[in-house]
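K.L.:
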């Protein structure tokens, strides 16, 4: 298979169930909304050693938000709902309530699972807080130094998907990196998905276990995808003309949104000259509940 | 006291001891270095509910970095050294090693306290890692998908200071916010300090304890600094012409750097038309080890 | 009339005919497309002393562009078609052909008026240029140092409208400025309009002629809208509680797009606390062909 | 010669005399100062078809500016002083006076040549303008809608240098482009130089005259530096492993500043993996007054 002359390998991305909360953060300006969203989703690349996987989903126009201000949808992901509630309270309480001019709305008002995050955060108001309604949503208004912080009573969550992915092989490090950037930028326009790694991009793919340090390392670099040591690695997956590989990991609310993100992301990546191949990562289908076959996306 | 016609209250900021690690992250470009630095310092406003206080200190020019690439100094702060080592491993391992094109250098090579973070991260290389020297620094080179990730053997830390601060009173929300932005931008040029809150700014000052919810709330909004309820609060600190207050919290390596940051930050803030007053927060001198008197800064 | 509690004056914006060319600039990444678009539309605020009025209309997703790469629509405006062709050749030839990785597509392929800009620029290729087709468009491919520069044979233009406008009155300079920023950000999402002034905002409204320097000044500051001298100006339009006024000037392809831009821009501006009034500028209906009444937008 | 393993050709950049005015633009925030600086320096890549060559020199900290606000130094360049005065009046009058919260200071107060730009712009104030002094500088304060616009009486200019340059050869388009970006970012920190092309980068090098269209084309693509046609061009300068070339053109106040910019720019560019060669452009020394030999920079 090919897109724009770039080989698309006939393989699949293997992905997993995860719990995802979705939050809409608005602010006085687009820029301040982004500041809060970045702080709230930082230190959130992988649940292996981060307390959550988190990222900005997409910009929300004043034309669509409940308070008519610009905003960003973010997603916060953990394996269990208990951890998710903790993360919501900590990240919204410490990184959004504290941020200039923000308000917080439920990004999944129709979900069955709802956390009463707003109800809990309101106690910061120490009795001066009040309730008001915005577009039919129950909001707690908490007086703070910067003005009033508004937070919706509940934040919804669903069982979503983590680990949608694809890999970009480039003839130079900057080719592969720029292609990854283009893919991330394009996916950022979409509904329902995040790319939680730094700038949306993974530079260091891993394998389960270890060849040499198996006693204490649960995961190590996947040497078969490391271009600088291809000559030393038997069974390397790196072609001779490939100098770097970057991966996009995509979490999302459902299969359709991840499929769409992989589709437009891959297509955009192939427009960068020097991209040699697109592939995806899996565990032979043994571990993950979800499979996204690249041939279905082309 | 006045600067640019703005009243500077004769009071002081009260600050505390904290442990601070300092890291230099370089990357192929300024932009990618910033991406990694933002991810690594996110979810890091206050140790009350974040795993660390963290922020970008300043840009480092290719003319000064060990590898001749652009970079950013970041600081990561916790109350104890054990927590700090954990945070370093997690934040550098998950948010910088995974980021495109990065390298990590010791930001405090002369400090007595050194964590062998690089030594520990190298095991991700699964035996393919090697040692090289850059400008006299011992670096571990770990082959990853995107190229080689280089990390210095040790990362230094010191007993620093948390909680340097000042408050900006404005005649409108946007006056106070813009003044805070200007102050943060100016402090970002300096050596040795960070402003860990979102965009460097605190919108929600707190007091210890609670008037109404004392049974379960350890800290609540400081109602005396909340402009929207000034008419309801006895002993309010908000003058009639003040509509919003924003605070800068400043952590730093030593007293001199915090003093300098407060000085240039306050001065810059007073250039925004409509700033009514600058003050600082303290606990009467009973809790914190350090005092920064505004009269010494003018 | 009121929106979000802000007074909307019952008046109208008076606007004029102008010739507008529309160009789609794509590039390897969103960021490089923006770099080219900014350079090509700079020094383009007002035809009074700039060679054209120019601005970025909106971002174009890889999902919609002919070459599948990210891009920006820009508009270039002059009073006559001759000047417009010169501006197209100069701005596209000097600011887009020279920019990294760009391509240029016709932003108005269905317009009656077409300039063969691509045909003329191709001679830079000195015989090495060739013709190719992208999505049914005739493109000239010119080999340059950075790769191949592609430019469509024709660029379309229409008789459009200049001078749609509204004014934002704020209780502080930063209130009015932030409200203007929010309005500009929102309008940037729309099809068909630009806000050609710096950052989309006019800080210095003018009147025709001069009270004091009539012999040599054709236009001077409109003192009735200048807050810092309101006490000295008889008939000032500035209420006592207004400290600053900023204006958005909007050019667009047709009446509907300007009306929409004014509508969403005004609404967004009113969300910023401290905005006191929205009004619009006109010459009593004597000079301009088009009138946009604020009451029709509310 | 080599830097970081990259070949530096033993050749020189040939540069020319040009007249340069230097202006300091300050604003309420760094961001608004940059907005004005970008607008004022747009449509300013090459005097071949732009009315001036213009660019942002460097950021100026509130700690160093006369009004204690953040700012940017810009340079505007034309071959003669008459054209330069016109450009100053037009670009400052239309792109800075109109921009939110700006002030304009003389960037070369010690130069012999001074244009009374502030004196001329003050008439926009229509008699409401006044004179004030800031740090010993004579400023005209013009009341406008957004507040007061301050502009210094004079703007200085010198006989400077245009056309300092170097070329970056990369193994992929993105390698060469990223190396150029890194070089531009580094040069932006320096005093005295600008890189006037889009994003600081030239994608389309030209030669004088034309092989095929000599009758009407004074300058055409330099086919010997065009990688996509290297197989068709006799005497191509493009090695087999080079896929793209980008050039930095550097204007500056004097030889020392251009030399420094070339030095740090070249060094920074060589840190990007896949850069194959650095060279420079000249006309055999026959046309330009200045020569910058790469061997003197290594």
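Residue numbers (our numbering), protein chains in the order written: chain L, 112 to 409; chain B, 112 to 409; chain Z, 112 to 409; chain P, 112 to 409.
We put the CB at the ideal spot given by N, CA and C, even for glycine.
In this text, all values refer to a predicted model and were calculated from it rather than measured experimentally.
Just checking: is the beta-carbon of residue 179(P) within a distance shorter than 9 Å of some beta-carbon in chain B?
P.N.:
Stepping through the fourth chain from its first residue, residue 179(P) is reached at position 68. Closer than 9 Å: yes.
K.L.:
Kindly list, in the order they appear in chain P, the residues whose Cβ is closer than 8 Å to that of residue 354(B).
P.N.:
Here residue 354(B) refers to the residue found at position 243 when the second chain is read from its first residue. Near residue 354(B) there are no residues of chain P at all, since even the closest Cβ is about 18 Å away, more than 8 Å.
K.L.:
Tell me, to the nearest whole angstrom, how far the beta carbon of residue 140(Z) is from that of residue 292(L); I am working on the premise that it is less than 8 Å.
P.N.:
Walking along the third chain from the start, residue 140(Z) turns up at place 29. Walking along the first chain from the start, residue 292(L) turns up at place 181. Confirmed, Cβ separation roughly 6 Å.
K.L.:
Contact criterion: CB-CB distance below 9 Å. Does residue 391(B) meet it with respect to chain L?
P.N.:
As a first step, residue 391(B) is located in the second chain; it is residue number 280 there, counting from the start. No, residue 391(B) lies away from the interface with chain L (no Cβ there is under 9 Å from its Cβ).
K.L.:
Which chain Z residues are close to residue 383(B), counting only those with a beta carbon under 7 Å from its beta carbon?
P.N.:
For the purposes of this step, residue 383(B) is taken as the residue at position 272 of the second chain. Per Cβ cutoff of 7 Å: 285.
K.L.:
Cβ closer than 7 Å: which chain P residues qualify as neighbours of residue 289(L)?
P.N.:
Walking along the first chain from the start, residue 289(L) turns up at place 178. Chain P residues near residue 289(L): 285.
K.L.:
Quick one: what's residue 170(P) bridged to in DSSP?
P.N.:
In the fourth chain, residue 170(P) corresponds to position 59, counting from 1. Residue 170(P) is bridged to 183(P).
K.L.:
Helix, strand or coil, according to DSSP, for residue 343(L) in the structure here?
P.N.:
One-based indexing of the first chain puts residue 343(L) at position 232. The answer is helix: DSSP assigns residue 343(L) an H, G or I state.
K.L.:
In the region 262 to 282 of chain P, which residues sit with their C-beta less than 9 Å from some C-beta in chain L, listed in chain order?
P.N.:
281 and 282
K.L.:
With distances taken from CA atoms, which of 177(B), 344(B) and 120(B) is nearest residue 215(B)?
P.N.:
By 1-based counting over the second chain, the position of residue 215(B) is 104. Looking at the Cα atoms, 177(B) is the closest of the given residues.
K.L.:
Ends of the beta strand (DSSP E) at residue 176(Z)?
P.N.:
Counting from 1 along the third chain, the entry for residue 176(Z) is found at position 65. Premise fails: residue 176(Z) is in no beta strand (DSSP E) and is neither H nor E.
K.L.:
For residue 215(B), which residues does DSSP report across the bridge?
P.N.:
Here residue 215(B) is taken as the residue at index 104 of the second chain, counted from 1. Paired residues: 136(B) and 262(B).
K.L.:
Could you tell me which residues DSSP puts in a beta bridge with residue 402(Z)?
P.N.:
Counted from its first residue, the third chain places residue 402(Z) at position 291. In the DSSP output, where bridge partners are listed per residue, residue 402(Z) has 125(Z).
K.L.:
Going by the beta-carbon positions, is the gap between residue 360(Z) and residue 257(Z) smaller than 9 Å?
P.N.:
Within the third chain, the letter at position 249 stands for residue 360(Z). Within the third chain, the letter at position 146 stands for residue 257(Z). It is not a contact, given that the beta carbons lie outside the stated cut-off.
K.L.:
Secondary structure at residue 386(Z), three-state DSSP: helix, strand or coil?
P.N.:
Taking the third chain and counting its residues from 1, the one referred to as residue 386(Z) is at position 275. Strand at residue 386(Z).
K.L.:
Measuring alpha carbon to alpha carbon, tell me which of 142(B), 112(B), 135(B) and 120(B) ends up nearest residue 289(P).
P.N.:
For the purposes of this step, residue 289(P) is taken as the residue at position 178 of the fourth chain. Residue 289(P) has its Cα closest to that of 142(B), out of 142(B), 112(B), 135(B) and 120(B).
K.L.:
Does the beta-carbon of residue 325(L) have 16 or more other beta-carbons within 10 angstroms, so that it is buried, or is it exposed?
P.N.:
For this step, residue 325(L) is matched to residue 214 along the first chain. With fewer than 16 other Cβ atoms within 10 Å, it is exposed.
K.L.:
Look at the Cβ atom of residue 376(B), then the Cβ atom of residue 297(B), and state whether they are nearer than 9 Å.
P.N.:
Locating residue 376(B) in the second chain gives position 265, counting from the first residue. Locating residue 297(B) in the second chain gives position 186, counting from the first residue. Cβ distance < 9 Å, so residue 376(B) and residue 297(B) count as in contact.
K.L.:
According to the neighbour-count rule (16 or more other Cβ atoms, all chains shown, within 10 Å of its Cβ), is residue 398(L) buried or exposed?
P.N.:
If you number the first chain from 1, residue 398(L) lands on position 287. Residue 398(L) is exposed by the Cβ-count criterion.
K.L.:
For the candidate residues 314(B), 310(B), 311(B) and 331(B), whose alpha-carbon lies nearest to that of residue 320(B)?
P.N.:
The residue given as residue 320(B) occupies position 209 in the second chain. Measuring from the Cα of residue 320(B), the nearest candidate turns out to be 331(B).
K.L.:
Looking at the structure shown, is residue 301(B) part of a helix, part of a strand, or coil, going by DSSP?
P.N.:
As a working mapping, residue 301(B) is identified with position 190 in the second chain. Residue 301(B) falls in the coil class under three-state DSSP.
K.L.:
Please compile the residues from chain L whose C-beta is within a distance smaller than 8 Å of the C-beta of residue 172(Z).
P.N.:
By 1-based counting over the third chain, the position of residue 172(Z) is 61. By Cβ distance, chain L contributes 297 and 300.
K.L.:
Could you tell me which chain P residues have their CB closer than 7 Å to the CB of residue 322(Z), listed as they occur along the chain?
P.N.:
The count along the third chain starts at 1 and reaches residue 322(Z) at position 211. Taking a Cβ-Cβ cut-off of 7 Å, the neighbours of residue 322(Z) in chain P comprise 237 and 238, given in sequence order.
K.L.:
Out of 403(P), 131(P) and 335(P), state which residue places its alpha-carbon closest to the alpha-carbon of residue 349(P).
P.N.:
Here residue 349(P) refers to the residue found at position 238 when the fourth chain is read from its first residue. Minimum Cα distance to residue 349(P) is reached at 335(P).
K.L.:
Counting only Cβ pairs nearer than 9 Å, list the residues of chain Z close to residue 161(P).
P.N.:
The residue labelled residue 161(P) in the question sits at position 50 within the fourth chain. 154, 201, 202, 205 and 206, listed in chain order.
K.L.:
I'd like to know if residue 292(L) contacts chain Z, where contact means its C-beta is closer than 9 Å to some C-beta of that chain.
P.N.:
Taking the first chain and counting its residues from 1, the one referred to as residue 292(L) is at position 181. It does; some Cβ of chain Z falls within 9 Å.
K.L.:
DSSP three-state call for residue 117(L): helix, strand or coil?
P.N.:
Mapped onto the first chain, residue 117(L) falls at position 6. In the structure shown, residue 117(L) sits in a strand (DSSP, three-state: E or B).
K.L.:
Tell me the rounded alpha-carbon separation between residue 147(P) and residue 209(P).
P.N.:
As a position in the fourth chain, residue 147(P) is number 36, starting the count at 1. As a position in the fourth chain, residue 209(P) is number 98, starting the count at 1. Their backbone Cα atoms lie some 9 Å apart in a straight line.
K.L.:
Give the secondary structure of residue 327(Z) by DSSP, where H, G and I count as helix, E and B as strand, and everything else as coil.
P.N.:
One-based indexing of the third chain puts residue 327(Z) at position 216. Correct three-state label for residue 327(Z): coil.
K.L.:
So the beta strand (DSSP E) residue 355(B) belongs to, where does it begin and stop?
P.N.:
The residue labelled residue 355(B) in the question sits at position 244 within the second chain. First-last of the beta strand (DSSP E) with residue 355(B): 355 to 363.
K.L.:
So residue 160(B) is in the beta strand (DSSP E); what residue range does that whole segment cover?
P.N.:
Here residue 160(B) refers to the residue found at position 49 of the second chain. Counting along the chain, residue 160(B) falls outside any beta strand (DSSP E), and DSSP gives it neither H nor E.
K.L.:
Using a Cβ-Cβ cut-off of 7 Å (strictly less than) and excluding sequence neighbours within five positions of residue 352(B), which residues of its own chain qualify?
P.N.:
By 1-based counting over the second chain, the position of residue 352(B) is 241. Excluding residues within five positions, the ones whose Cβ falls inside 7 Å are 282 and 387.
K.L.:
Can you pull the chain Z residues whose beta carbon is under 9 Å from the beta carbon of residue 140(L), in chain order?
P.N.:
Position 29 of the first chain, counted from the start, is the residue given in the question as residue 140(L). What residue 140(L) touches in chain Z: 289, 292, 293, 296 and 383.
K.L.:
If you measure between the beta carbons of residue 411(B) and residue 244(B), is that distance less than 9 Å?
P.N.:
A question about residue 411(B) goes unanswered here, because the residues of chain B that appear run from 112 up to 409.
K.L.:
Which two residues bound the contiguous alpha helix (DSSP H) that contains residue 368(Z)?
P.N.:
In the third chain, counting from the first residue as 1, residue 368(Z) sits at position 257. Run containing residue 368(Z): 366 to 380, per the alpha helix (DSSP H) assignment.
K.L.:
Within 9 Å of any Cβ in chain L, is that where the Cβ of residue 227(Z) sits?
P.N.:
For the purposes of this step, residue 227(Z) is taken as the residue at position 116 of the third chain. For residue 227(Z), the closest Cβ of chain L is not nearer than 9 Å.
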